[in-house]
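Enquirer: Just so you know, we're using the numbering used here here: the sequence shown kicks off at 549 and counts up by one. All C-beta atoms in this analysis are idealised placements derived from N, C-alpha and C, irrespective of residue type, glycine included. For reference, the structure I am asking about is given below.
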Amino acid sequence: MKRLLIYFYLQLKRLLRLIPALAIGVAALSLMAGLIAFCGEKVFKEQSVYTYKIKAAIVPGDTSDLTDYLVQMLESTKSISETCEFIETDYETAKRLIRQKKVQCALIIPEGFTESVKNGRNLPIEIMFSDNGSMITLVLRQLSVAGADILASAQAGIYTQFDLYQKYNLGDKDADANQYLNKTYLKYVLQRQKMYKKSGSAISGSITIAEYYKCAGIGFVLLLIGIACPTFFNEENGVFDMYSSTRGIPYLFRVFSKIFIFVTMCEAALCIVLSPEEALKLLPAVLCSVSLTALLYKISASGSVGIMIIFLLNFSCCLLSGYFLPKVFFPAYLQDFGDLLPSGLIFNQIQYALYDRPSHSSMLIVMSVILLITSILSDTATRRLS
Numbered sequence: 549m550k551r552l553l554i555y556f557y558l559q560l561k562r563l564l565r566l567i568p569a570l571a572i573g574v575a576a577l578s579l580m581a582g583l584i585a586f587c588g589e590k591v592f593k594e595q596s597v598y599t600y601k602i603k604a605a606i607v608p609g610d611t612s613d614l615t616d617y618l619v620q621m622l623e624s625t626k627s628i629s630e631t632c633e634f635i636e637t638d639y640e641t642a643k644r645l646i647r648q649k650k651v652q653c654a655l656i657i658p659e660g661f662t663e664s665v666k667n668g669r670n671l672p673i674e675i676m677f678s679d680n681g682s683m684i685t686l687v688l689r690q691l692s693v694a695g696a697d698i699l700a701s702a703q704a705g706i707y708t709q710f711d712l713y714q715k716y717n718l719g720d721k722d723a724d725a726n727q728y729l730n731k732t733y734l735k736y737v738l739q740r741q742k743m744y745k746k747s748g749s750a751i752s753g754s755i756t757i758a759e760y761y762k763c764a765g766i767g768f769v770l771l772l773i774g775i776a777c778p779t780f781f782n783e784e785n786g787v788f789d790m791y792s793s794t795r796g797i798p799y800l801f802r803v804f805s806k807i808f809i810f811v812t813m814c815e816a817a818l819c820i821v822l823s824p825e826e827a828l829k830l831l832p833a834v835l836c837s838v839s840l841t842a843l844l845y846k847i848s849a850s851g852s853v854g855i856m857i858i859f860l861l862n863f864s865c866c867l868l869s870g871y872f873l874p875k876v877f878f879p880a881y882l883q884d885f886g887d888l889l890p891s892g893l894i895f896n897q898i899q900y901a902l903y904d905r906p907s908h909s910s911m912l913i914v915m916s917v918i919l920l921i922t923s924i925l926s927d928t929a930t931r932r933l934s
């Protein structure tokens with residue numbers, strides 16, 4: 549037992565000597581993760597639809613008081629003014645703004661619009677849309693089509709009601725019927741806020757962009773911190789290894805002692821930036837990342853090769869698991885594949901520890917066991933072949 553404790557102490561001492569290198573590695577990886585988070589938050593910054601204003605050009609071709617009233621009504625109506633910004637201009641300027649994609653749409657009020665309303669011709673208001681193919685333009689186009697259909701239905705109802713009352717000599721009751729019909733249409737228009745349910749959405753799910761990249765940064769550091777200490781995970785020189793075997797120190801104890809020491813060191817570091825409870829919830833993620841690091845060093849020909857393999861493999865896995873670009877932008881099969889990778893399970897476990905998202909602790913423990921068994925088998929095979 550004393551020999552085991554001495555070996556454990558020697559390994560702990562080896563790791564403590566690497567603390568400066570580990571600190572530099574953590575700082576460099578944190579700086580890289582912070583830069584990625586900064587860029588990601590700027591690109592995917594959450595923007596409320598209530599603060600975004602659609603730019604629309606208005607061309608008042610008719611100079612009557614009714615047209616002026618219509619424009620003023622559009623600009624002063626609260627539900628419209630909160631979402632739209634109107635620019636009064638002429639026809640040619642409006643077309644140029646549409647081509648340059650400086651406005652999403654243009655409303656062209658034709659000349660003689662007021663007279664057409666009075667005599668029943670009802671000249672249509674032309675609406676031009678930008679061809680930028682954005683979601684905003686698509687929604688505006690569909691809303692305008694729906695609005696035209698609703699207006700056409702209302703007009704058809706009013707005209708039908710007038711024709712029926714005239715046909716059956718009920719003209720004296722036409723005013724009351726018309727008032728009732730207008731109230732019926734306005735009831736649905738004025739209650740439009742009750743007809744639609746508003747809900748928010750974000751590419752990062754139920755957490756904010758900043759929280760999303762905080763989880764990604766922690767996972768990124770956990771997966772790559774092993775590149776700072778190849779001498780710890782590599783086997784000791786042959787003489788010390790043979791001496792340890794002859795002194796009765798089991799091979800499995802030597803493997804698991806290194807894993808235990810490094811996991812404990814990572815947990816202690818996490819307790820500095822997180823609460824002890826959160827750090828404890830991250831234990832399966834830390835164990836999986838350390839087991840993966842140990843395996844990659846075992847199958848590498850040297851420490852420098854191991855560093856290269858760890859960086860390339862884990863960096864690629866982090867990319868597929870949504871550490872840099874949220875995985876909602878990936879095809880469905882890539883999203884599922886990224887979730888099954890160690891980096892994906894670790895990312896989800898960090899979100900569970902920090903923000904109570906679904907846990908993957910059991911899957912991480914099973915994966916850690918598989919990685920450790922693979923590491924031991926590969927190292928045993930290498931020993932026998934050599």
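If Leu830 sits next to Leu840, beta carbons under 8 Å apart, how far is it from one beta carbon to the other, in whole angstroms?
Expert: As a position in the sequence shown, residue 830 is number 282, starting the count at 1. As a position in the sequence shown, residue 840 is number 292, starting the count at 1. Not quite, the Cβ-Cβ distance comes to about 15 Å (not below 8 Å), so this is no contact.
Enquirer: What is the DSSP secondary structure of Lys806, counted as helix, strand or coil?
Expert: Your numbering for residue 806 matches position 258 in the sequence shown. Lys806 falls in the helix class under three-state DSSP.
Enquirer: Based on Cα-Cα distance, which residue from Asp616, Thr625, Pro608 lies nearest to Asp638?
Expert: Looking up residue 638 in the sequence shown gives position 90. When each option's Cα is compared against that of Asp638, the closest is Pro608.
Enquirer: For Glu851, which residues of its own chain have a beta-carbon under 6 Å away from its beta-carbon, when the five flanking residues on both sides are left out?
Expert: Counting from 1 along the sequence shown, the entry for residue 851 is found at position 303. A quick correction: the sequence has Gly, not Glu, at residue 851. So the list reads Pro778, Asn782, once near-sequence residues are dropped.
Enquirer: Just checking my contact of Ser692 with Lys649 at CB under 8 Å: how many whole Å lie between their CB atoms?
Expert: Reading the sequence shown from its first residue, position 144 is the one you call residue 692. Reading the sequence shown from its first residue, position 101 is the one you call residue 649. About 18 Å; that fails the 8 Å criterion.
Enquirer: Please specify which runs of the beta strand (DSSP E), each continuous and at least 3 residues long, are wholly inside the region 626-685, giving them in chain order.
Expert: Those beta strand (DSSP E) runs which fall completely within the region 626-685 and span 3+ residues are 632-636, 653-657, 674-677.
Enquirer: For a test of the three-state rule: what should DSSP assign to Ser601, helix, strand or coil?
Expert: Position 53 of the sequence shown holds residue 601. It should be noted that the sequence gives Lys, not Ser, for residue 601. In the structure shown, Lys601 sits in coil (DSSP, three-state: anything other than H, G, I, E or B).
Enquirer: Quickly, what does DSSP pair Pro495 with across the bridge? List them, please.
Expert: With the chain represented from 549 up to 934, any question about residue 495 goes unanswered, as that position is not in the structure.
Enquirer: Return the chain-ordered list of same chain residues with a C-beta closer than 8 Å to the C-beta of Ser578, the five sequence neighbours on each side being excluded.
Expert: As a working mapping, residue 578 is identified with position 30 in the sequence shown. So the list reads Gly765, Val769, once near-sequence residues are dropped.
Enquirer: For the alpha helix (DSSP H) holding Tyr617, just list the boundary residues, first then last.
Expert: Taking the sequence shown and counting its residues from 1, one reaches residue 617 at position 69. Start and end: 613-624.
Enquirer: Could you check the C-alpha separation between Tyr799 and Ala581 for me, to the nearest Å?
Expert: Residue mapping note: residue 799 aligns to position 251 of the sequence shown, counting from 1. Residue mapping note: residue 581 aligns to position 33 of the sequence shown, counting from 1. So the alpha carbons of these two residues sit roughly 37 Å apart.
Enquirer: Tell me which same chain residues have a C-beta within less than 7 Å of the C-beta of Ala569, skipping the five on either side of it?
Expert: Numbered from 1 along the sequence shown, position 21 holds the residue referred to as residue 569. So the list reads Ala776, Cys777, once near-sequence residues are dropped.
Enquirer: Can you tell which of Arg802, Leu828, Ala849 has the C-alpha that lies nearest to the C-alpha of Tyr527?
Expert: Any property of residue 527 remains undetermined from this structure, which presents the chain solely from 549 to 934.
Enquirer: Taking the C-alpha atoms as reference points, what is the distance between Glu826 and Leu920?
Expert: As a working mapping, residue 826 is identified with position 278 in the sequence shown. As a working mapping, residue 920 is identified with position 372 in the sequence shown. Cα-Cα distance, rounded: 24 Å.
Enquirer: Apart from the five residues just before and just after Cys814, which ones in its own chain have a Cβ nearer than 6 Å to its Cβ?
Expert: As a first step, residue 814 must be located in the sequence shown, where it is residue number 266. Hits under 6 Å: Val834.
Enquirer: Less than 7 Å between C-beta atoms, sequence neighbours within five positions excluded: which residues of the same chain meet that for Ile698?
Expert: In the sequence shown, counting from the first residue as 1, residue 698 sits at position 150. None.
Enquirer: Taking only the alpha-carbon atoms, compute the straight-line gap between Ile567 and Leu861 and give it to the nearest angstrom.
Expert: Position 19 of the sequence shown holds residue 567. Position 313 of the sequence shown holds residue 861. C-alpha separation (whole angstroms): 24 Å.
Enquirer: If I measure Cβ to Cβ from Asp927 and keep anything under 6 Å in the same chain, skipping five residues before and after, which residues do I get?
Expert: For this step, residue 927 is matched to residue 379 along the sequence shown. If we look at Asp927 and ignore the five residues flanking it on each side, its Cβ neighbours are Lys846.
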